[in-house]
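Working notes, beginning with the structure itself.
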Amino acid sequence: MFDKMPVSASVARDGDGNRCPRGGNAFYDLDIQDNRLVLTRLCFQPMQPFGRDIEVTAGTLED
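When you line the sequence shown up against this note's numbering, it's residues 4 to 66, in that order.
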């Protein structure tokens with residue numbers, strides 16, 4: 004169900020106005036596990052030319 008519904012959000016930097024985020028975009032993969040909506044993957048695509056794409060699979064980061 005969620006594999007056909009892309010989710011993304013604009014990312015703001017310090018000092019950005021409410022309507023003009025310029026940090027890049029975050030893309031999410033979601034899934035239903037044990038009757039809960041869970042984040043399974045996150046990809047951050049920074050506004051170019053400032054950085055590189057970063058992709059994280061859920062459960063692979065340490066606190």
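Yeah, the Cβ is synthetic: ideal placement off N, Cα and C, and Gly gets one too.
DSSP, read as helix, strand or coil, puts Pro9 in coil. In the structure shown, the three-state DSSP call for Gly26 is coil. Non-local beta-carbon contacts of Phe30 in its own chain, meaning distances under 6 Å to residues more than five positions away in sequence, involve Ser11 and Cys46 in chain order. The criterion of a C-beta distance shorter than 7 Å is not satisfied by Met50 and Gly18.
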